[in-house]
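Mapped onto numbering that gives the first Met the number 0, the consecutive letters of the sequence shown carry residue numbers 0 to 83.
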Amino acid sequence: MTGPAHEAPGPVGVIVSVDPDRFADVVRAARGAGLTVTGEQPLLGFLTGTIAEERILVLEAVDGVEAVDRERIMGIPPPDSPLQ
């Protein structure tokens, strides 16, 4: 008998700070590391995208990647909430 099936976690949203002088090369390498790019800000040196949790360390090791931060979803309670 086997245990319950474990589902692999879905992709994680990340914000990636990269060397703006090598932006195109770093984006290409980040994609090779498993990043699905959803947004690019070449002048600022930032990418947004999704990647499997287990690939984040690989992404952080890409030459030209300066930082990888997980996206954080913030919300506010509805107007009729007692917390307002």
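Glycine included, every Cβ here is placed at the ideal spot set by N, Cα and C.
Among all the DSSP beta bridges, which residues are the ones paired with residue 64? 17
Within 10 angstroms of its Cβ, does residue 75 collect 16 or more other Cβ (buried), or is it exposed? exposed
Buried or exposed for residue 50, going by 16 or more other Cβ atoms inside 10 Å? buried
Which residue from 81, 9, 28 puts its Cα closest to that of residue 64? 28
Taking Cβ positions, are residue 33 and residue 47 nearer each other than 7 Å? no
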